[in-house]
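Novice:
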Amino acid sequence: MGIISSSIARKVAMALSGLFLVFFLGQHFTINVTSVIDPDTFNEWSHFMGTNILVQAVLQPILIFGVVFHFIMGFILEVRNRNARAIKYESYKGNTNSTWASRNMIISGLVILAFLGLHFYDFWAPEMNIKYFKGDMSGLLDPDNVNSGFRYYEELVHKFESPIRVGIYCLAFVLLAVHLWHGFASSFQSVGFNNKYSKALTKFAKVYAIVIPVGFIFIALYLHLNQLPH
Amino acid sequence: MKLTLKIWRQANATAKGQMVTYPIDGVEEDMSFLEMLDVLNEELINKGEDPVVFDHDCREGICGSCSLQINGEPHGPDRLVTTCQLHMRMFNDGDTIVIEPFRATAFPVIKDLMVDRTSFDRIQQAGGYISVNTSGNTIDANAIPVEKENADESFYAATCIGCGACVAACKNASAMLFTSAKVSQYALLPQGQVEATTRVLNMVEQMDKEGFGNCSNTGACEIECPKGISLENIARMNREYLSASLKG
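Residue numbers (the numbering used here), protein chains in the order written: chain A, 1 to 230; chain B, 231 to 478.
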């Protein structure tokens, strides 16, 4: 049995891919939060990310690989873990020794996976269609009119018109917080980092796990409520 | 105290088991949990029934023989004690107590509440030792200086009694806490450095072969461990494993 199939190697791979996604999440949030501060900045940053060759040709495939790898590895580990206890307990009090978040990463992970499907349908697929199938790299609302302005903010606001979609997004962000609450802090333990700095790092991870999803919820609600007739 | 016991009964390793309910009276709060089961078994024997089989030996919390999942927790609701040290004062008159064997594919049931934990022995045999030539010129262990901090941590790791509560508590039936304690107790000492690389690789490989699950850092093992073995040992084993893998 080689290193690739060892339980520790898989655990470290899971942690590293998770840390990469946590870093991406912070970057995604930083760009999105500009939509409530200054739409022009949001448009400019979105256009840069959407047209920069390094981001599109290198970072985007790495990100997609990271997401797919994290989910596939999560399922592989879940199957192995279920097989490790073929006969279940009649009575099992997991809440006396561990958090709900830590015991149900597969549930929060599946909700996030379902959300990603919606998120890709909402933003990523149309973006790929406009840029790479229709060949419009201008990022303009009207590609024939250079004065029409960028389309990114308008598209974002349009997506948050529906209260049902906003509700689904908010629910997914709550589960994202639950997933990060355990996943971010525990990834340090997985890669072997447990020393005098661990407590401070864990606190940072817990704060991050709340602040980023709550920030995303705030953006979704702000963009939705801002459209309601006053 | 009057209690209702729901106990897993299974005739042998291949038989289909089931929960059987036994009312029991006259339980004193100063009895240990195993003494309470002794009382039940005496009643069963007097009635001509098969007594409940369970593991036990020293009955003072040091041998690691006793096990039992009691009301959903390994070694019961108390902390830092084994089942033999658990007293009936932890329960109330009229309680129903569910008693099951430690559940893990790597811990198959032998009979009733007794499970086969020799998978732990095989992990230990894969590298949980140091090779010392005892032909007569062995250096006195005390002649080798060891940092106090490392000596203490090594000692704490060595207090693991190998009872299997970590596996029983873990939702994934992972044996990482046990294996990491055995790796750590040598990794922290100069005597353990000679075989450090092969030790961690071989012990982890054996752990995986036995069919234990993967650690997902829930921390349940540390909470339920009767000896309070720390999760720090798992982080240390992960470091040791990565370092050993890179060295080849």
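Just so it is clear, CB atoms sit at the ideal spot from N, CA and C, and this is done for glycine as well.
Report the residue from A:Val178, A:Leu171, A:Glu78 whose alpha carbon sits nearest the alpha carbon of A:Leu244.
Specialist: It is not possible to answer for residue 244 of chain A, since the shown part of chain A is limited to 1 through 230.
Novice: Should B:Gln423 go down as buried or exposed, given a rule of 16 or more other Cβ atoms within 10 Å for buried?
Specialist: Per the 10 Å Cβ criterion, exposed.
Novice: Does the beta carbon of B:Asn322 come closer than 7 Å to any beta carbon on chain A?
Specialist: It does not; no Cβ of chain A falls within 7 Å.
Novice: Is the CB-CB distance between A:Asn43 and A:Tyr152 below 7 Å?
Specialist: Their beta carbons are under 7 Å apart, which means A:Asn43 touches A:Tyr152 by this criterion.
Novice: What's the call for B:Arg319, buried or exposed, on a 16-neighbour Cβ count within 10 Å?
Specialist: Exposed, since its Cβ has fewer than 16 Cβ neighbours within 10 Å.
Novice: What residue range is occupied by the uninterrupted beta strand (DSSP E) comprising B:Tyr359?
Specialist: No beta strand (DSSP E) contains B:Tyr359, which DSSP labels as neither H nor E.
Novice: Got a sec: is the Cβ-Cβ distance from A:Lys93 to anything in chain B below 7 Å?
Specialist: So yes, A:Lys93 belongs to the interface.
Novice: List the endpoints of the continuous alpha helix (DSSP H) containing B:Arg239.
Specialist: Here B:Arg239 belongs to no alpha helix (DSSP H); instead the beta strand (DSSP E) covers 233-239.
Novice: Apart from the five residues just before and just after B:Phe263, which ones in its own chain have a Cβ nearer than 6 Å to its Cβ?
Specialist: Thr313, Leu316, listed in sequence order.
Novice: Quick one: grab the DSSP three-state call for B:Met261.
Specialist: In the structure shown, B:Met261 sits in coil (DSSP, three-state: anything other than H, G, I, E or B).
Novice: Quick one: grab the DSSP three-state call for B:Gly443.
Specialist: Strand.
Novice: Quick test of the definition: if touching needs 3 or more C-beta pairs under 8 Å, does the segment 303-310 of chain B touch the segment 202-221 of chain A?
Specialist: Judged by Cβ distances under 8 Å, the segment 303-310 of chain B makes no contact with the segment 202-221 of chain A, as fewer than three pairs qualify.
Novice: Return helix, strand or coil for B:Ser404, following the three-state DSSP convention.
Specialist: Of the three classes helix, strand and coil, the one that applies to B:Ser404 here is strand, per DSSP.
Novice: Under the rule that 16 or more other beta-carbon atoms within 10 Å means buried, what is B:Met467, buried or exposed?
Specialist: B:Met467 is buried by the Cβ-count criterion.
Novice: Which of helix, strand or coil does DSSP assign to B:Thr368?
Specialist: Three-state DSSP puts B:Thr368 in coil, outside helix and strand.
Novice: Would you list the one or two residues that DSSP bridges to A:Val166?
Specialist: A:Val166 is not bridged to any residue.
Novice: Closest to B:Tyr416 by CA distance: which of B:Leu407, B:Asn380, B:Gly392 is it?
Specialist: Considering only alpha carbons, the answer is B:Asn380.
Novice: Determine, for B:Val413, whether the minimum Cβ-Cβ distance to residues of chain A falls below 7 Å.
Specialist: It does not; no Cβ of chain A falls within 7 Å.
Novice: Identify every run of the alpha helix (DSSP H) within the segment 190-228 of chain A, keeping only runs that are complete inside it and at least 4 residues long; order them along the chain.
Specialist: The qualifying runs are 198-225.
Novice: Check whether the Cβ of B:Glu265 lies closer than 7 Å to any Cβ atom in chain A.
Specialist: No, because no Cβ of chain A sits closer than 7 Å to the Cβ of B:Glu265.
Novice: Do three or more CB pairs link the segment 34-51 of chain A to the segment 139-156 of chain A at distances below 8 Å?
Specialist: Counting Cβ pairs under 8 Å, three or more are found: they touch.
Novice: Please confirm if the segment 366-378 of chain B is in contact with the segment 281-296 of chain B, defined as three or more CB-CB distances below 8 Å between the two stretches.
Specialist: Because the criterion of three Cβ pairs below 8 Å is not met, the segment 366-378 of chain B and the segment 281-296 of chain B do not touch.
Novice: Which runs of the alpha helix (DSSP H) fall wholly inside the segment 81-141 of chain A and span at least 4 residues, in chain order?
Specialist: Entirely contained in the segment 81-141 of chain A, the alpha helix (DSSP H) runs reaching 4 residues are, in chain order, 100-103, 105-119, 125-128.
Novice: Inspect the beta-carbon positions of B:Ser384 and B:Leu431 and report whether they are closer than 7 Å.
Specialist: No, these two residues do not count as a Cβ contact at 7 Å.
Novice: Taking 8 Å as the limit between beta carbons, can you name the residues of its chain near A:Phe193, skipping five residues before and five after?
Specialist: Result list for A:Phe193: Leu201, in chain order.
Novice: Confirm, please, whether the CB-CB distance from B:Pro338 to B:Ala243 is below 7 Å.
Specialist: Yes, the Cβ-Cβ distance between B:Ala243 and B:Pro338 is below 7 Å.
Novice: By how many angstroms is the C-alpha of A:Ala114 removed from the C-alpha of B:Ala465?
Specialist: Cα to Cα, the separation comes out at about 32 Å.
Novice: State the Cα-Cα distance for the pair B:Asn271 and B:Gln299, rounded to the nearest angstrom.
Specialist: Each residue's Cα considered, the two are about 18 Å apart.
Novice: Starting from the C-beta of B:Asp255, find all residues in its chain whose C-beta is less than 6 Å away, skip the five residues before and the five after it, and write them out in chain order.
Specialist: Excluding sequence neighbours, B:Asp255 sits near Lys232.
Novice: Can you give me the C-alpha to C-alpha distance between B:Thr234 and B:Val269, rounded to a whole angstrom?
Specialist: Using only the alpha carbons, I get a separation of about 13 Å.
Novice: Beta carbons nearer than 7 Å to chain A: which residues of the segment 442-463 of chain B have them?
Specialist: Listed by position, the residues of the segment 442-463 of chain B near chain A (Cβ gap below 7 Å) are Phe442, Gly443, Asn444, Cys445, Ser446, Asn447, Thr448, Gly449, Ala450, Ile453, Glu454, Leu461, Glu462.
Novice: State the Cα-Cα distance for the pair A:Thr30 and A:Gly18, rounded to the nearest angstrom.
Specialist: A:Thr30 and A:Gly18: Cα-Cα distance of roughly 19 Å.
Novice: In this structure, what does DSSP give as the bridge partners for B:Pro253?
Specialist: Answer by DSSP bridge pairing, in chain order: B:Thr234.
Novice: Which residues bound the alpha helix (DSSP H) around B:Ile329?
Specialist: No alpha helix (DSSP H) holds B:Ile329; the beta strand (DSSP E) holding it covers 326-330.
Novice: Do you know offhand how far B:Leu476's Cα is from A:Ala13's?
Specialist: B:Leu476 and A:Ala13: Cα-Cα distance of roughly 15 Å.
Novice: CA-CA distance, B:Ala405 and B:Pro304?
Specialist: The straight-line gap from Cα to Cα measures roughly 14 Å.
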